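**Q** Have a look at this one.
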Amino acid sequence: MTPFLFGKSYAVCQACHQSPAVGLDVGVSQGSVVGPLLFALYCSPAADVIVSHGVQFHQYADDTQLRLAMYSDNTYDGLSVFAACTADVRQWYLQNGLQLNPDKLEALIIGTAKQLCTANPTTTSVCVADVELSVADEIKVLGVVLDCWIWHSINTFWW
């Protein structure tokens, strides 16, 4: 069987300069039709790591979103589980030749106004994949803006 990248090479071009071509042994050509499918198959074992921590997740292309339901009186334990899960996912990625981009990591805590007030009010940062992140007031997911007060806004609207 001929490897997918047999005979392929790559070079980097910037302005008028080009690096020497380097042969490829592994990977998928950028823009290939099967690239997204192969990437999803390659990364699918990371789901086992996530599930082993009891964390829910969603994957779309190269984007993975983790969700963990916590009780407002036990946020410390929930955030500890989340930190351990994301550290293990990061380790799995490293062991399999991938790397998480810390600049693209985001954290959001969502709840009702009462839940957010009774949760640890000093939770301004969380540990995600061994990176300390500020808890955001809002994040954008596939073009939809979510904020921590989403349920408060809905409740206010209906009252």
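When we follow the numbering used here, the leftmost residue of the sequence shown carries the number 421, and every step to the right adds one. For each residue, glycine too, the CB sits at the ideal point set by N, CA and C. As the structure is a computational prediction, the values presented were derived from the model and not from experiment.
#1: Within 10 angstroms of its Cβ, does residue 431 collect 16 or more other Cβ (buried), or is it exposed?
#2: Report yes or no: do three or more beta-carbon pairs, one from the stretch 493 to 500 and one from the stretch 513 to 522, lie closer than 8 Å?
#3: Across the stretch 468 to 475 and the stretch 440 to 448, are there enough close Cβ pairs to call them in contact, namely three or more that are closer than 8 Å?
#4: Over the uninterrupted beta strand (DSSP E) stretch that includes residue 500, give me the two end residues.
#5: Flag this pair as yes or no: are the beta carbons of residue 548 and residue 562 separated by less than 7 Å?
#6: What do you reckon, are the CB atoms on residue 557 and residue 567 nearer than 7 Å?
#7: Let me know the secondary structure DSSP gives residue 482 once reduced to three states.
#8: Whose CA, out of 479, 544, 457, lies closest to the CA of residue 495?
#9: When you compare the CB positions of residue 529 and residue 564, do they come within less than 7 Å of one another, or not?
#10: Around the C-beta of residue 438, are 16 or more other C-beta atoms found within 10 angstroms, so that it is buried, or is it exposed?
**A** This is what the structure gives:
#1: Of the residues assessed, residue 431 falls on the exposed side of the cut-off, its CB having fewer than 16 other CB atoms within 10 angstroms.
#2: A contact is defined here as three or more CB-CB pairs under 8 Å, and the stretch 493 to 500 fails this definition with respect to the stretch 513 to 522.
#3: No: fewer than three Cβ pairs fall under 8 Å.
#4: Where residue 500 is concerned, there is no enclosing beta strand (DSSP E), although the alpha helix (DSSP H) around it starts and stops at 495 to 515.
#5: No, these two residues do not count as a Cβ contact at 7 Å.
#6: Cβ atoms of residue 557 and residue 567: closer than 7 Å.
#7: Note: residue 482 maps to coil in three-state DSSP.
#8: Nearest C-alpha to residue 495: 544.
#9: At a Cβ-Cβ threshold of 7 Å, residue 529 and residue 564 do not count as neighbours.
#10: Under this definition residue 438 is an exposed residue.
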